[in-house]
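First up is the structure itself, then whatever we jot down about it.
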Amino acid sequence: SKAFLNTRIAYAGSIPFDVSLPASVRRREPVTIGTPHAPSSKAIRRLAAKLMGEPDAAPTDVRKGFLGRLAGFLAQH
46 SKAFLNTRIA
56 YAGSIPFDVS
66 LPASVRRREP
76 VTIGTPHAPS
86 SKAIRRLAAK
96 LMGEPDAAPT
106 DVRKGFLGRL
116 AGFLAQH
C-alpha cells in the first residue's frame, strides 16, 4: 500500500476460509445471511464492527472468563 497509495494501511483483521464461502458464492447469497454462524460470517461481522468503532468488536471468545473480561475492561479505559 505504501508504494502504490503513498499511505500506510493498518491491519484490521482477517477472514478465515471455510466451506460456507464457496457455497454462498454459488448461491449468490452473502455468507453472513446464508450461514450466519459460520467462522467467516462471524469474522466479517467482527471486522465490520471494529471498522465502525463499535465497542463489542472483539471476538466473543476473548471476553469469556475473568481474564477476558479484564482485557475488555482495560481496552476500554
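When you number the sequence shown by our numbering, it's gap-free, plus one each residue, and the end is 122. We treat Cβ as the ideally placed atom computed from N, Cα and C, and that holds for glycine.
Buried versus exposed call for residue i [16 or more other C-beta atoms within 10 Å across all chains shown]
i    : result
T52  : exposed
A120 : exposed
A57  : exposed
A83  : buried
Chain C within 7 angstroms of residue i, Cβ atoms only
i   : result
S85 : Judged by its chain identifiers, the structure shown contains no chain C, having just a single protein chain.
Distance CB(residue i)-CB(residue j) smaller than 7 angstroms
i   : j   : result
V76 : L92 : no
I60 : S86 : no
Coarse secondary structure for residue i, derived from DSSP in three states
i    : result
G117 : helix
R73  : coil
R90  : helix
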